[in-house]
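2 protein chains.
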Amino acid sequence: MPNIGIVGAGVAGLHLGLLLRKHDVPVTIYTDKTPQQIAAGRLLNSVAHHAPTLERERHLGVDFWPVEEYGYTCHHHYVGGSGPLRFRGDFSRGSSAIDYRLYLPKLTEVFQQRGGDLRIGALRTEDVEGVAGQHDLVVVSAGRGAFTSLFPRRPEYSPFEAPQRRLCVGLYHGVTPSEPKGVTISMSPGHGELLEIPMFSREGHVTALLFENIPGGDLAILADLKYDDDPALFTKTVLSKVAQHHPDTFERIDPAQFRLTSPQDLLQGALVPTVRADYAELPGGTFALAAGDAHAVVDPLLGQGANSASHSAWVIGRAILDDLGFDEMFCQRVAKLRSDVVLSAAQWTNLMLQPPPAHLLGLMGAMNENKAAADEFTDNFDYPDRQWRIVATADRTRAFLAKHGTVLP
Amino acid sequence: MPNIGIVGAGVAGLHLGLLLRKHDVPVTIYTDKTPQQIAAGRLLNSVAHHAPTLERERHLGVDFWPVEEYGYTCHHHYVGGSGPLRFRGDFSRGSSAIDYRLYLPKLTEVFQQRGGDLRIGALRTEDVEGVAGQHDLVVVSAGRGAFTSLFPRRPEYSPFEAPQRRLCVGLYHGVTPSEPKGVTISMSPGHGELLEIPMFSREGHVTALLFENIPGGDLAILADLKYDDDPALFTKTVLSKVAQHHPDTFERIDPAQFRLTSPQDLLQGALVPTVRADYAELPGGTFALAAGDAHAVVDPLLGQGANSASHSAWVIGRAILDDLGFDEMFCQRVAKLRSDVVLSAAQWTNLMLQPPPAHLLGLMGAMNENKAAADEFTDNFDYPDRQWRIVATADRTRAFLAKHGTVLP
Ligand SMILES: Cc1cc2nc3c(=O)[nH]c(=O)nc-3n(C[C@H](O)[C@H](O)[C@H](O)COP(=O)(O)OP(=O)(O)OC[C@H]3O[C@@H](n4cnc5c(N)ncnc54)[C@H](O)[C@@H]3O)c2cc1C
Ligand SMILES: Cc1cc2nc3c(=O)[nH]c(=O)nc-3n(C[C@H](O)[C@H](O)[C@H](O)COP(=O)(O)OP(=O)(O)OC[C@H]3O[C@@H](n4cnc5c(N)ncnc54)[C@H](O)[C@@H]3O)c2cc1C
Numbered sequence: 001m002p003n004i005g006i007v008g009a010g011v012a013g014l015h016l017g018l019l020l021r022k023h024d025v026p027v028t029i030y031t032d033k034t035p036q037q038i039a040a041g042r043l044l045n046s047v048a049h050h051a052p053t054l055e056r057e058r059h060l061g062v063d064f065w066p067v068e069e070y071g072y073t074c075h076h077h078y079v080g081g082s083g084p085l086r087f088r089g090d091f092s093r094g095s096s097a098i099d100y101r102l103y104l105p106k107l108t109e110v111f112q113q114r115g116g117d118l119r120i121g122a123l124r125t126e127d128v129e130g131v132a133g134q135h136d137l138v139v140v141s142a143g144r145g146a147f148t149s150l151f152p153r154r155p156e157y158s159p160f161e162a163p164q165r166r167l168c169v170g171l172y173h174g175v176t177p178s179e180p181k182g183v184t185i186s187m188s189p190g191h192g193e194l195l196e197i198p199m200f201s202r203e204g205h206v207t208a209l210l211f212e213n214i215p216g217g218d219l220a221i222l223a224d225l226k227y228d229d230d231p232a233l234f235t236k237t238v239l240s241k242v243a244q245h246h247p248d249t250f251e252r253i254d255p256a257q258f259r260l261t262s263p264q265d266l267l268q269g270a271l272v273p274t275v276r277a278d279y280a281e282l283p284g285g286t287f288a289l290a291a292g293d294a295h296a297v298v299d300p301l302l303g304q305g306a307n308s309a310s311h312s313a314w315v316i317g318r319a320i321l322d323d324l325g326f327d328e329m330f331c332q333r334v335a336k337l338r339s340d341v342v343l344s345a346a347q348w349t350n351l352m353l354q355p356p357p358a359h360l361l362g363l364m365g366a367m368n369e370n371k372a373a374a375d376e377f378t379d380n381f382d383y384p385d386r387q388w389r390i391v392a393t394a395d396r397t398r399a400f401l402a403k404h405g406t407v408l409p
Numbered sequence: 410m411p412n413i414g415i416v417g418a419g420v421a422g423l424h425l426g427l428l429l430r431k432h433d434v435p436v437t438i439y440t441d442k443t444p445q446q447i448a449a450g451r452l453l454n455s456v457a458h459h460a461p462t463l464e465r466e467r468h469l470g471v472d473f474w475p476v477e478e479y480g481y482t483c484h485h486h487y488v489g490g491s492g493p494l495r496f497r498g499d500f501s502r503g504s505s506a507i508d509y510r511l512y513l514p515k516l517t518e519v520f521q522q523r524g525g526d527l528r529i530g531a532l533r534t535e536d537v538e539g540v541a542g543q544h545d546l547v548v549v550s551a552g553r554g555a556f557t558s559l560f561p562r563r564p565e566y567s568p569f570e571a572p573q574r575r576l577c578v579g580l581y582h583g584v585t586p587s588e589p590k591g592v593t594i595s596m597s598p599g600h601g602e603l604l605e606i607p608m609f610s611r612e613g614h615v616t617a618l619l620f621e622n623i624p625g626g627d628l629a630i631l632a633d634l635k636y637d638d639d640p641a642l643f644t645k646t647v648l649s650k651v652a653q654h655h656p657d658t659f660e661r662i663d664p665a666q667f668r669l670t671s672p673q674d675l676l677q678g679a680l681v682p683t684v685r686a687d688y689a690e691l692p693g694g695t696f697a698l699a700a701g702d703a704h705a706v707v708d709p710l711l712g713q714g715a716n717s718a719s720h721s722a723w724v725i726g727r728a729i730l731d732d733l734g735f736d737e738m739f740c741q742r743v744a745k746l747r748s749d750v751v752l753s754a755a756q757w758t759n760l761m762l763q764p765p766p767a768h769l770l771g772l773m774g775a776m777n778e779n780k781a782a783a784d785e786f787t788d789n790f791d792y793p794d795r796q797w798r799i800v801a802t803a804d805r806t807r808a809f810l811a812k813h814g815t816v817l818p
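This is the structure:
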């Protein structure tokens with residue numbers, strides 16, 4: 001029986017740890033924060049889990065927020081411009097968004113109940129080798145900030161040197177959910193996107209507004225404005241920007257009720273989308289495998305990061321369960337098995353961050369008229385590899401639309 | 410609906426053509442021999458199909474020789490030396506060997522009945538581009554001899570510059586099948602192997618003896634001896650070599666009945682194991698994908714070539730059915746999807762052709778004592794990727810045996 005060390009108790013580390021514990025594999029997770037610190041802390045993100053991730057949760061017995069009750073079933077698209085587009089795509093299986101400050105502590109607790117060993121303490125890069133000495137394999141899933149020197153950036157999948165969006169995400173009262181309940185993806189050409197997400201948090205059902213602002217655009221200020229300096233100004237600014245750029249969401253806002261659920265429920269910042277090496281051999285001969293954001297950071301625009309991290313955890317876990325060694329051959333196999341989903345999520349997201357090529361604009365226009373195409377596009381949020389096969393080239397988008405009886409405009 | 414061109418009507422081309430016809434995809438197979446020429450010709454090989462290939466045949470509705478009646482269920486191992494080893498490994502699902510002079514013409518006929526277009530005529534490399542102009546994709550499955558300049562050799566998977574075995578394969582009367590009916594794999598260290606295969610041919614149930622002779626060894630002469638010059642000498646020499654090197658098969662031979670089923674039922678030669686590039690872009694922009702022996706030639710020692718070719722055909726066929734373009738992205742996806750099986754078959758075979766490292770000798774010794782390990786090893790003839798994960802390193806073999814409660818000697 002192998003003995004596995006995991007660094008980081010995010011979704012990647014926990015899904016892997018729980019899968020291994022289900023099969024009685026000894027696992028230690030090393031992480032820098034207690035579940036209590038996570039639970040009491042600032043908003044971490046506004047993660048939606050798609051159907052394949054929810055299925056993994058059911059398999060692990062950690063589906064504490066059943067999708068039927070907490071989930072949603074569609075994407076509402078709004079594309080601004082002189083002739084705005086409005087269309088809906090339905091998922092064949094629902095998604096859901098649970099505040100990670102509820103989700104991660106609960107899964108950490110279950111991990112410990114199921115015999116997982118949890119060690120609290122921040123590690124530095126030079127500590128990883130010592131950890132490795134106590135395990136057959138180390139999985140580094142400590143997020144996008146730590147241990148980056150272990151896993152060099154892969155330029156062929158990392159086209160950007162700087163953030164492409166300046167983020168402002170908060171949880172709000174005062175937004176009536178869309179009908180049917182879904183995520184609204186609102187695009188303001190040249191300025192960025194708003195993702196409006198029905199989320200379950202400590203305050204119950206609330207709305208996450210994730211502003212994906214193009215640097216230099218009219219909305220970028222939202223990433224800088226300090227709530228604590230002047231809460232009223234912040235709220236007013238958000239409202240006016242939504243009114244101007246994201247009218248479909250604005251329509252469902254009651255200005256009198258509109259406010260952040262708490263000063264802690266706001267996160268502002270930016271990240272550089274980066275794909276790193278899959279693994280590294282440590283000086284002692286043990287291999288360290290990168291997973292989740294430690295392996296591939298994507299902009300949250302398409303909600304792929306955590307789902308990709310969970311997929312990666314699953315591939316790693318199953319490989320651990322059925323392989324015989326934790327050598328370079330093992331790491332290469334994992335790299336190959338997860339590459340379709342993980343790299344496609346990165347490539348698709350990176351394409352959508354850039355000024356849209358003609359075939360993407362054409363696809364949006366076509367989906368506005370063709371519900372079946374919009375449904376398949378929406379379902380492919382669950383399968384980024386399928387989506388990438390559609391959007392990678394104009395010819396492919398043309399073939400996709402032809403399948404749905406539509407011509408690329 | 411794409412339109413696919415296939416060069417070569419071997420197992421790769423036919424399995425792909427039949428899969429595509431099952432889904433009404435227009436397919437043309439270009440090949441240099443008529444089914445009648447194949448049927449009336451010299452022995453082509455002594456191919457055994459393993460369970461995954463038989464399953465594909467059932468899926469295609471070309472299971473004309475049901476495995477229950479024509480198949481076999483195990484491998485009998487004999488390893489010569491001062492203390493010979495004798496052990497059996499059972500398959501969980503049977504294999505079978507049907508003379509390709511029955512098999513290929515029958516499948517070609519069915520391909521045509523199902524609307525496949527068959528064009529007879531030898532193509533040269535410079536003709537491929539013209540063919541490509543009439544299709545969305547060309548699959549080159551014309552065996553190991555033709556079009557090699559299109560697909561460069563990949564040295565990292567092609568360790569040999571010359572044949573590692575000198576082959577002599579013939580169909581014989583006068584060999585009583587083993588009990589239970591199976592393939593006997595007999596090893597004469599330093600001289601080579603004999604594969605004794607229960608085969609169905611025009612003469613009914615016969616025995617294929619495939620001598621895999623190490624160049625310079627005592628058996629290498631079998632690849633040179635001309636049957637037609639002196640049939641009696643040939644038969645006598647074969648008999649005496651079997652008696653000396655492969656005693657377990659010899660025991661089941663009735664010398665009075667022992668003879669080739671026909672002068673045509675003999676094939677002598679040698680091949681250089683070679684893995685080539687997965688695909689090439691033709692000058693007109695169409696892609697040519699290599700499949701089967703055109704992509705990877707393995708020595709027949711472990712019976713992997715045709716099964717790997719069929720697997721590759723399947724991967725290609727399914728990718729054609731579910732993808733939207735036949736560009737480089739398509740070819741790279743096929744390359745990735747088939748790499749586990751195809752490259753592992755090559756790597757495992759190439760390892761077994763060389764003087765055995767200590768861990769392989771240890772594995773043989775351990776399987777002699779441990780039936781469960783021998784069964785898993787045998788079943789993995791169906792799954793060369795799993796086998797390669799066991800034999801690639803001594804540590805992995807040790808872990809495999811540990812799983813079966815045995816220590817690597
Ligand atoms: C605003 C926003 C919205 C998002 N929306 C979505 C979405 O809708 N869908 C989606 O799939 N993804 C989304 N994402 C992305 C998602 O949040 C991440 O991809 C995912 O959480 C990464 O998980 P992880 O396990 O790799 O890393 P993390 O969740 O970052 O976990 C890292 C872990 O390592 C620990 N750690 C860090 N440093 C150390 C150290 N030095 N020593 C020990 N432990 C350490 C941390 O405490 C933590 O436990 C969003 C991200 C943001 C910012
Ligand atoms: C003795 C022996 C035993 C074997 N035993 C096994 C075994 O037990 N199990 C196993 O899996 N594999 C075995 N193999 C390997 C197996 O035979 C091959 O891997 C397999 O047949 C390759 O199939 P293919 O479709 O790629 O090519 P082929 O079967 O070689 O087919 C090539 C096709 O292309 C046509 N063609 C060739 N040149 C041209 C041209 N210029 N223009 C047009 N058409 C052309 C040919 O006529 C033929 O139709 C054995 C091989 C040998 C030699």
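Chains as they are written, first to last, in the working numbering: chain F, 1 to 409; chain A, 410 to 818.
For glycine and all other residues, C-beta sits at the position ideal for the given N, C-alpha and C.
Treat the numbers as computed from the prediction; the structure is a model and nothing was measured.
How about residue i: is its C-beta nearer than 9 Å to some C-beta of chain A?
| i | result |
| --- | --- |
| R389/F | yes |
| L260/F | no |
| G427/F | For residue 427/F there is no data in the structure shown, the boundaries of chain F being 1 and 409. |
| F287/F | no |
| K236/F | no |
| A399/F | yes |
| S339/F | yes |
| R318/F | no |
| M329/F | yes |
| A122/F | no |
| K403/F | yes |
Taking the C-alpha atoms as reference points, what is the distance between residue i and residue j?
| i | j | result |
| --- | --- | --- |
| V334/F | L576/A | 38 Å |
| Y435/F | H50/F | Summary: the structure shown does not reach residue 435/F, with chain F confined to residues 1 through 409, and so no result is reported for it. |
| Y636/A | A767/A | 38 Å |
| E376/F | T695/A | 28 Å |
| L648/A | L603/A | 12 Å |
| S96/F | A728/A | 31 Å |
| G414/F | R154/F | The question about residue 414/F has no answer, for chain F in this structure spans 1 to 409. |
| Q446/A | A457/A | 22 Å |
| H15/F | R430/A | 42 Å |
| A373/F | M367/F | 6 Å |
Please look up how many angstroms separate the CB atoms of residue i and residue j, rounded, as I've assumed it's under 8 Å.
| i | j | result |
| --- | --- | --- |
| F735/A | L546/A | 4 Å |
| P514/A | P444/A | 4 Å |
So that I know if they touch, is there some Cβ in chain F lying closer than 9 Å to that of residue i?
| i | result |
| --- | --- |
| D788/A | no |
| Y804/A | The residue asked about is misnamed: residue 804/A is Asp in this sequence, not Tyr. Closer than 9 Å: yes. |
| L691/A | no |
| G734/A | yes |
| R742/A | yes |
Whole runs of the alpha helix (DSSP H) within the region 632 to 671 of chain A, excluding any shorter than 4 residues: 640 to 654 and 656 to 659
When a residue counts only if its C-beta is closer than 5 Å to some heavy atom of ligand 1, which residues count, in chain order? G8/F, A9/F, G10/F, V11/F, A12/F, T31/F, D32/F, K33/F, N45/F, S46/F, V47/F, A48/F, A122/F, L123/F, S141/F, A142/F, G143/F, A146/F, V169/F, G292/F, D293/F, P300/F, G303/F, G305/F, A306/F, N307/F and A309/F
In chain order, what are the residue ranges of uninterrupted alpha helix (DSSP H) at least 4 long that sit wholly in the region 355 to 406 of chain F? DSSP runs (the alpha helix (DSSP H)) wholly in the region 355 to 406 of chain F: 358 to 369, 371 to 379, 384 to 391 and 394 to 403.
Report the start-end ranges of each alpha helix (DSSP H) in the region 694 to 738 of chain A that is 4 residues or longer and not cut off at the edges. 714 to 731
Going residue by residue through the region 507 to 564 of chain A, where are the continuous beta strand (DSSP E) segments of at least 3 residues, counting only ones entirely within it? 526 to 529 and 546 to 549
Residue ranges of each beta strand (DSSP E) within the region 413 to 499 of chain A, 3 or longer: 413 to 416, 436 to 440 and 480 to 488
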